[in-house]
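As C-alpha cells, the structure follows; a few thoughts come after it.
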Amino acid sequence: MPSDGSSNKRVMRWGILAPGGIAETFVGDLQLDPATRGVTDVAHRVVAVGSASGQKKADDFVKRMYTTKEQVEEAKAIRTYGSYDELVRDADVEIMYIASPQSHHYQQIKLCLNAGKHVLCEKPITINAEQIRKLSALSKAKNLFFMEARWTKFMDIFREIVKLVHEDKILGHVYRVHSDFGQELPEDHRLYFPELGGGGLLDCGIYPLTYLTALLWDHPDNQRARPRVTGSMRISPKFKVDEDSTGVLQFDKINATGILTVNMRVDLHRPAFHTIIQGDKGDILVHGTHTSRPTAYSIVLKGQKPVTKEPHIPGHGFFWEADECARCIVAGKLESPVVSHEESIFAMEIMDEIRKQGGLQFPEQIERAD
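FYI, the numbering for the sequence shown is 1 to 370, going by the UniProt record's numbering.
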C-alpha cells in the first residue's frame, strides 16, 4: 500500500482522462497539501494523463499544471498518452478521473472498469438512467469503486447546512426548497451541441437537484420516497437543446416541494442567495457565485436577527471528493454513502422524466446503453 514516505498516509495514484478545464481545477486541488484541510490519512498523486487529441495535449496539460521546482520534478514521473486505450493499460493507475463531456461518459466508464480501474466520473454521470444502472452493475461485478463527482456534497459547508435542517431541525418543518443555476453561455459552448449531451438540465441542473435530493429525498422522514415530478423546458429551435428548464418535485410523504430551475441565457446575479430552504420557523439562504460552490449561508429565523456564516475553503473544493474516493477504496467499499449509486440513478431518473415531459431527446448514439 503506497504511502508518502513520511507518514502512514495512503497515497492514491490517479489517472486523468480528458485533460481539459475541469481537470485542471481537479488536479490543482490534488496538488494542495492535505494538511491545509486537516486531512492526515490520505493524499493524492497523478501518475498518468491521457488525451484522445494526442499525446501533445497530455504533455501540455502536465506542463501547465506542474510549474514550481518541486512540481517539475514530480511531473517527470507522470506518463502521458495519446489515447484512452493506452491510458487504461497503465498498471500504476489505481483510479481514473474522467473529465470529458457527458456524451462520452458511458463508454469511457465502461472502458476504465473493464480495464480494472476504480472510477470517479464528472457529473452528470451519464445521459440517462439506464446507462448508470448498467454501470453500477458492472462496477460491482468487477469489484471496483465507482462514483459520480458530485463534489458539492462533500464540501463542509454543504454538510453543515444539511445537518442544520435534518438533525438540528432549526427550520422546523421544511415546506419548500428552491435552487437555481443560471449562466450566460456563448453559442459556441459545448452545451449548445446535442451530440455532446448539451442543454442546461443535465450539466447544470444536477447542482440544484443535488440540494433537493440531499434536503428532501434524503430527509430522514421521507426515507427516499419518490416524488411526483412536473417538468417544463424551453428548447432552442436552432440548437435543439434546453436553454431553460424547471422541475417541480412534490414529496407527498413529508408535505414538501422541491423546485429546480436552470438556464443558459442569463447569469445568476443573485448576491442574496441561489438556494433557499424554507420551514415554518424560518429560512436558510445559501450564497455563492455558482450553485455548485456554496461559499456562505444565512440563517433567518422568525423574530431573530439573521446570522451569516462563511466557512473557510482552502482551495476550490474538489479535494474532498478525492479524499472520499481514497478512503472508500482503502476500506474496500464499492460506492460512497455520500453519493451512492442509488442516488445517481435517482437523479438520472428525475432528469429523464423532466426531459420526457419537456420533449428533449438526444441523438440515439449517445442515448444507447449497450
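All C-beta atoms in this analysis are idealised placements derived from N, C-alpha and C, irrespective of residue type, glycine included.
Under the rule that a run must span 4 or more residues, the alpha helix (DSSP H) segments found entirely inside the UniProt domain "GFO/IDH/MocA-like oxidoreductase" (162-284) read 200-212. Taking the C-beta atoms as reference points, VAL241 is found no nearer than 9 Å to PHE273.
Residue pairing of PHE146 in beta bridges, as defined by DSSP: VAL119. At a Cβ-Cβ threshold of 9 Å, ARG293 and ILE277 do not count as neighbours.
Straight-line measurement puts the Cα of TYR297 at about 9 Å from the Cα of PRO311. Beta-carbon to beta-carbon, PHE154 and GLU335 are separated by about 14 Å, too far to satisfy the 8 Å threshold. The C-beta separation of ASP280 from GLY172 comes to about 4 Å, placing the pair in contact by the 8 Å criterion. The beta carbon of GLU195 is closer than 6 Å to those of PRO363 in its chain, skipping five residues each way along the sequence.
Here SER83 has GLY50, ALA52 as same chain residues with Cβ atoms under 7 Å from its own Cβ, once five neighbours each way along the sequence are excluded.
Rounded to whole angstroms, the separation of the alpha carbons of VAL88 and HIS44 is 18 Å.
Residue state for VAL339 is assigned as coil, using DSSP reduced to three classes.
Within the same chain, VAL72, GLU74, ALA75 come within 7 Å of TYR66 by CB-CB distance, once the 5 residues on both sides are set aside. Where ILE98 is concerned, the enclosing beta strand (DSSP E) starts and stops at 95-98. When C-beta atoms of the region 101-119 are compared with those of the region 128-147, three or more pairs fall below 8 Å, so the two segments count as touching. SER83 carries a coil assignment under DSSP once its states are collapsed to helix, strand and coil.
Per the coordinates, the alpha-carbon of ASN255 lies some 20 Å from the alpha-carbon of LYS163. The beta carbon of ALA129 sits closer than 7 Å to the beta carbons of ILE345, MET348, GLU349, ASP352 from its chain, once the five residues preceding and following it are set aside; these are given in chain order. THR295 sits away from ILE206, with the two beta carbons spaced by 9 Å or more. For the pair GLU94 and PRO34, the Cα-to-Cα distance works out to about 19 Å. According to DSSP, SER298 shares a beta bridge with LEU285, THR308.
Here LEU17 carries a strand assignment [DSSP, helix/strand/coil].
One thing to note: ILE127 has its Cβ no nearer than 9 Å to the Cβ of LEU209. For ALA48, the enclosing beta strand (DSSP E) has its first and last residue at 42-50.
Spanning the alpha carbons of GLY198 and LEU216 requires a straight line of approximately 27 Å.
Here DSSP, grouped into helix, strand and coil, assigns ARG159 to helix. Runs of beta strand (DSSP E) with 3 or more residues, each lying fully within the region 345-369, are absent.
With a beta-carbon spacing of about 28 Å, SER136 and HIS316 fall beyond the 8 Å limit used to define contacts. LYS57 and LEU17 have their C-alpha atoms spaced approximately 12 Å apart.
In the DSSP annotation of this structure, the continuous segment of the alpha helix (DSSP H) that includes VAL72 starts and ends at 69-75.
Short of 6 Å from the beta carbon of ASP244, and not among the five residues preceding or following it, lie these beta carbons of its own chain, in chain order: ARG234, ASN263. The C-beta of ARG150 has 16 or more other C-beta atoms within 10 Å across all chains shown, which makes the residue buried. Collapsing the DSSP output to three states places ARG10 in a strand.
Where LYS56 is concerned, the enclosing alpha helix (DSSP H) starts and stops at 55-65. With contacts defined as CB atoms closer than 9 Å, VAL248 and THR230 qualify as a contacting pair.
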